[in-house]
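Working notes, beginning with the structure itself.
There are 2 protein chains.
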Amino acid sequence: MLNAIADLSGHSRAEIAARTGLTKATVSSLVDRMIGANLVVEGAAAVRTGPGRRGTALFLAPDGPHGLGVEIGVDYLATCLIDLTGEVRARWIQSADNRVLSPARVLSRVTKAVRTALAEADRMGVRVGGMGVAVPGLVESATGILRVAPNLGWREVDVRGELRRRADLDDIPVLVGNEANFAALAELWQGTGPRDFVHVSGEIGIGAGIVVDGGLFEGVSGFGGEIGHVMVDPRGPECACGARGCLERLAGQEEIYRQAGVLDDRAPEELITDLLDRLAHRDRRSVAATRSAARWLGIALSGVVNLLDLPTVVLGGTYARLAPWLWEPLRDELAQRVVSSTWSPVEVTASTLGSEAAVRGAAGSAVRAILADPDPYVTAALA
Amino acid sequence: MLNAIADLSGHSRAEIAARTGLTKATVSSLVDRMIGANLVVEGAAAVRTGPGRRGTALFLAPDGPHGLGVEIGVDYLATCLIDLTGEVRARWIQSADNRVLSPARVLSRVTKAVRTALAEADRMGVRVGGMGVAVPGLVESATGILRVAPNLGWREVDVRGELRRRADLDDIPVLVGNEANFAALAELWQGTGPRDFVHVSGEIGIGAGIVVDGGLFEGVSGFGGEIGHVMVDPRGPECACGARGCLERLAGQEEIYRQAGVLDDRAPEELITDLLDRLAHRDRRSVAATRSAARWLGIALSGVVNLLDLPTVVLGGTYARLAPWLWEPLRDELAQRVVSSTWSPVEVTASTLGSEAAVRGAAGSAVRAILADPDPYVTAALA
DNA sequence: CCAATAAGTTTGATGCCTAAACTTATAGCG
DNA sequence: CGCTATAAGTTTAGGCATCAAACTTATTGG
Numbered sequence: 001m002l003n004a005i006a007d008l009s010g011h012s013r014a015e016i017a018a019r020t021g022l023t024k025a026t027v028s029s030l031v032d033r034m035i036g037a038n039l040v041v042e043g044a045a046a047v048r049t050g051p052g053r054r055g056t057a058l059f060l061a062p063d064g065p066h067g068l069g070v071e072i073g074v075d076y077l078a079t080c081l082i083d084l085t086g087e088v089r090a091r092w093i094q095s096a097d098n099r100v101l102s103p104a105r106v107l108s109r110v111t112k113a114v115r116t117a118l119a120e121a122d123r124m125g126v127r128v129g130g131m132g133v134a135v136p137g138l139v140e141s142a143t144g145i146l147r148v149a150p151n152l153g154w155r156e157v158d159v160r161g162e163l164r165r166r167a168d169l170d171d172i173p174v175l176v177g178n179e180a181n182f183a184a185l186a187e188l189w190q191g192t193g194p195r196d197f198v199h200v201s202g203e204i205g206i207g208a209g210i211v212v213d214g215g216l217f218e219g220v221s222g223f224g225g226e227i228g229h230v231m232v233d234p235r236g237p238e239c240a241c242g243a244r245g246c247l248e249r250l251a252g253q254e255e256i257y258r259q260a261g262v263l264d265d266r267a268p269e270e271l272i273t274d275l276l277d278r279l280a281h282r283d284r285r286s287v288a289a290t291r292s293a294a295r296w297l298g299i300a301l302s303g304v305v306n307l308l309d310l311p312t313v314v315l316g317g318t319y320a321r322l323a324p325w326l327w328e329p330l331r332d333e334l335a336q337r338v339v340s341s342t343w344s345p346v347e348v349t350a351s352t353l354g355s356e357a358a359v360r361g362a363a364g365s366a367v368r369a370i371l372a373d374p375d376p377y378v379t380a381a382l383a
Numbered sequence: 001m002l003n004a005i006a007d008l009s010g011h012s013r014a015e016i017a018a019r020t021g022l023t024k025a026t027v028s029s030l031v032d033r034m035i036g037a038n039l040v041v042e043g044a045a046a047v048r049t050g051p052g053r054r055g056t057a058l059f060l061a062p063d064g065p066h067g068l069g070v071e072i073g074v075d076y077l078a079t080c081l082i083d084l085t086g087e088v089r090a091r092w093i094q095s096a097d098n099r100v101l102s103p104a105r106v107l108s109r110v111t112k113a114v115r116t117a118l119a120e121a122d123r124m125g126v127r128v129g130g131m132g133v134a135v136p137g138l139v140e141s142a143t144g145i146l147r148v149a150p151n152l153g154w155r156e157v158d159v160r161g162e163l164r165r166r167a168d169l170d171d172i173p174v175l176v177g178n179e180a181n182f183a184a185l186a187e188l189w190q191g192t193g194p195r196d197f198v199h200v201s202g203e204i205g206i207g208a209g210i211v212v213d214g215g216l217f218e219g220v221s222g223f224g225g226e227i228g229h230v231m232v233d234p235r236g237p238e239c240a241c242g243a244r245g246c247l248e249r250l251a252g253q254e255e256i257y258r259q260a261g262v263l264d265d266r267a268p269e270e271l272i273t274d275l276l277d278r279l280a281h282r283d284r285r286s287v288a289a290t291r292s293a294a295r296w297l298g299i300a301l302s303g304v305v306n307l308l309d310l311p312t313v314v315l316g317g318t319y320a321r322l323a324p325w326l327w328e329p330l331r332d333e334l335a336q337r338v339v340s341s342t343w344s345p346v347e348v349t350a351s352t353l354g355s356e357a358a359v360r361g362a363a364g365s366a367v368r369a370i371l372a373d374p375d376p377y378v379t380a381a382l383a
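As structure tokens, this is what we get:
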């Protein structure tokens, strides 16, 4: 169903009809059904100037089905519950070094977190209509199996199956996906940004989410967006993956910290704060380290943009926080290397969602799935 | 309409129904209309074992609408006429150094070639249902305007508009596109190859056509697939585009010829023959030059494959002819650098279409457009 | 209070597709 | 040879989403 119409929130039936090309009659009958299923609610009559009856504003139901987002990060677990409008209604974060725990242990903690969230949803009196799980690795989209998560040390873990088995999720659909992809989607759904962009998340690894025409580009098996091991310097240092001069090795967090001279065994948040502090004080090494990373990033991204013809680059994760120091060299590289940049320069922006992007994207995917095709939810709600 | 069904040529209505999930009734009525519009013909009853009535085989009509393909190459003009089945029914090639002629002069020659082809179609008693024009440059898909063709020295040429004006094309739809993209489509439609791949054409420039799920990935404005100026060596030689270490500069035809020591002002075909000859005799410099290009190509392609999660790389243009000498280093680089290659290695194949790929793709696009949505053609045919 | 204007609903029609029954064509078997 | 099983293709009736157009309701401005 074309319920994606309803995300032009606050508009009247007539306006939606005009926008979508459907007739008022069609929109009316569709909207009636959506109201019946508690996906849409009517609001106050909209203000309009001039003569004529005022339309009744339509909104996605804030007490309709909610989406549960889960993120298995390298050093934390996060969950959140959002409503149809994308508003976050509850959230939990706990730090945990998931590298040192076995997948089974981590999954049992995740299960506990999911149970907590489901109980909270119950207490709030809302249904959970779907669930998204973000993981820092390559997920096969068809099966939901995590093939490999290098920075977690996992291989071949059936995350969806395990969660289904451990938590009692019965009929709740579960989507498993890459964190960078979910983060890109969160960016897409947040505010009124562009519908075509590449979102680079610099966390422990570097991942990209490619959004084309308002949809995620996932590739054939769902492994798309792996930008971390794109080569940027054939004579560069060796990377953990075995190759030389990978982007992740040259522009990843760790390398920035190392070159800036802040790298030690402090907590991640302390490291980045330290770096930002030094940058604010114009510390030579820190500025040089950041600019160097920006240049490598620009080289890799110019390839991406040339290949995919994307008008916008969005910096996410740690890169968003470093954005003021990345912009200049990044834009330089893009301007120089992107073939089409002479008549339409590539725009570079920073994400506003910070480290929460991936969980929110995961939760958002769940509600978007309902909006894109409400029938399964509607029939499930009746049962 | 789901006429794309009919490209499972030679099957019966019942088989098509089974394949597509539609009912026999629906397929029957659809097929009737297609036969009425001369897009489909019935063939001899198919051979079947076992009891039961035999189905009547269905074929795309060989005398249905034809597609006209035009290629404005850097040093030649080519046209071809293909029928709905993709069979080439007529072809013309003329060499011409289009670099030294003004766009107006070239377009007037193209017009003449188009008129010849249209006259031939008339003589054959077939309608031309659409036309595709392949150009070696960046074409804005919305407008059909050629923004820039570096190797031709053109900028901002309204190829579609000019051809419309010069030849009397009245109502024939004209598609203008990048040659590499058309070549990739030709590869897709040829035989039973994969539905997801990246096709690299090494001609004067290097271009890529990205095919995902049986469709071309064009990007937002149609500039997708620009791989020629992806950086592969930050300390590499300067390229004509102003940047350093572009793939085209390091793995393009010219560089291979230069390193092999065959580069002079002979005709393109002589140069490549010379190189192939030397390779066949295991000439040291030629082998080294080719292998070096293969390695750079592998580096660039591994980035593409990581980013887009494509299972197959197809070598086209000059690279297809050099394939035996490119394979090994290319596969090495891909195996080492592609993250997902441990459990699903990237396949590398060579195109069989040679230099004809782009024209055929252009012509094919025209007929595919009719098959994808026959209504405009059907109504036009009635008028 | 009435004309003009616009939102939303009702009604009947249309077009695409389906299910199920029916017709046609073929193989195998007694 | 004719009967039965099987399968292709057609006919028919009906479902369902959408549409066009008329109608009802609500609101402004003279």
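Going down the list, the protein sequences come from chains A and B.
If you're matching positions, the first sequence starts at 1 in the UniProt record's numbering and goes up one per residue.
If you're matching positions, the second sequence starts at 1 in the UniProt record's numbering and goes up one per residue.
We treat Cβ as the ideally placed atom computed from N, Cα and C, and that holds for glycine.
Fair warning: this is a prediction, and the values are worked out from it, not measured in the lab.
The contact set of methionine 34 of chain B on chain A, defined by CB atoms closer than 9 Å, is empty, because the minimum CB distance reaches about 27 Å. In terms of beta-carbon proximity, arginine 282 of chain B stays away from the interface with chain A, with every pair separated by 8 Å or more. If you compare the alpha carbons of B:Asp332, B:Ala293, B:Gly242 with that of leucine 334 of chain A, the shortest gap goes to B:Gly242. Listed in chain order, the non-local C-beta contacts of methionine 34 of chain B below 6 Å within the same chain comprise Val40, local neighbours out to five positions each way being set aside. In this chain, the beta strand (DSSP E) harbouring valine 133 of chain A covers 128-135.
Sequence-distant Cβ neighbours of leucine 326 of chain A in its own chain, meaning closer than 6 Å and more than five residues away, are Ala294. Around the beta carbon of proline 311 of chain A, 16 or more other beta carbons lie within 10 angstroms, which makes this residue buried. Under the Cβ criterion of 8 Å, aspartate 309 of chain B is counted among the residues facing chain A. With a 10 Å radius around the Cβ and a threshold of 16 neighbouring Cβ atoms, methionine 124 of chain A comes out exposed. Phenylalanine 223 of chain A carries a coil assignment under DSSP once its states are collapsed to helix, strand and coil.
Annotation: glutamine 259 of chain A is outside any beta strand (DSSP E); the continuous alpha helix (DSSP H) that includes it extends over 253-260.
Secondary structure at threonine 312 of chain B: strand, using DSSP grouped into helix, strand and coil. With respect to the C-alpha of aspartate 283 of chain B, the residue from B:Val262, B:Leu301, B:Gly303, B:Ile299 having the closest C-alpha is B:Val262.
Counting the other Cβ atoms within 10 Å of the Cβ of tryptophan 343 of chain B gives fewer than 16, which makes it exposed. Put simply, of A:Gly130, A:Arg155, A:Val126, A:Asp168 the residue whose alpha carbon is nearest the alpha carbon of glutamate 140 of chain A is A:Arg155.
Chain A has no Cβ within less than 8 Å of the Cβ of aspartate 122 of chain B. What alanine 243 of chain A touches in chain B, judged by beta-carbon distance under 7 Å, is Gln336, Arg337, going in chain order. With distances taken between CA atoms, glycine 137 of chain A lies nearest to A:Ile227 out of A:Glu328, A:Ile227, A:Asp196, A:Ala104. Valine 367 of chain A: member of the alpha helix (DSSP H) spanning 357-372, first to last residue. Taking CB atoms only, isoleucine 227 of chain B has a neighbour in chain A less than 8 Å away. Only buried fits alanine 183 of chain A, as 16 or more other CB atoms lie within 10 angstroms of its CB. Take the alpha-carbon of alanine 113 of chain B and the one of valine 106 of chain B: they are about 11 Å apart. For a Cβ distance threshold of 7 Å, residue set Asp309, Ser340 of chain B lies close to phenylalanine 223 of chain A, ordered along the chain. For tryptophan 154 of chain B, the three-state secondary structure derived from DSSP is strand. Residue-level contact check: isoleucine 299 of chain A touches chain B, since one or more beta carbons of chain B fall below 8 Å from its beta carbon. Annotation for glycine 245 of chain B: Met231, Val232, Asp233, Pro234, Arg235, Gly236, Pro237, Cys239 place their beta carbon closer than 8 Å to its own, counting only its chain and skipping 5 residues before and after. Distance between glycine 177 of chain A and valine 135 of chain A, taken at the CA atoms: about 6 Å. Every unbroken stretch of the alpha helix (DSSP H) spanning 4 or more residues and falling wholly within the region 312-349 of chain A is given here in chain order: 317-337.
Secondary structure at threonine 116 of chain A: helix, using DSSP grouped into helix, strand and coil. The alpha carbon of asparagine 306 of chain A has as its nearest neighbour, out of B:Asp171, B:Arg109, B:Glu218, B:Asp75, the alpha carbon of B:Glu218. The three-state secondary structure of valine 110 of chain B, taken from DSSP, is helix. In its chain, beyond the 5 residues on either side, Glu71, Ile93, Val359 have a beta carbon closer than 6 Å to the beta carbon of alanine 78 of chain A.
Counted as a single uninterrupted DSSP element, the alpha helix (DSSP H) harbouring arginine 166 of chain B occupies residues 159-166. Taking C-alpha positions only, threonine 26 of chain A is separated from glycine 214 of chain A by approximately 24 Å. According to the DSSP assignment, glutamate 269 of chain A belongs to the alpha helix (DSSP H) that extends over 268-280. Residue burial is scored here from C-beta neighbours: alanine 320 of chain A has at least 16 other C-beta atoms within 10 angstroms and is therefore classed as buried.
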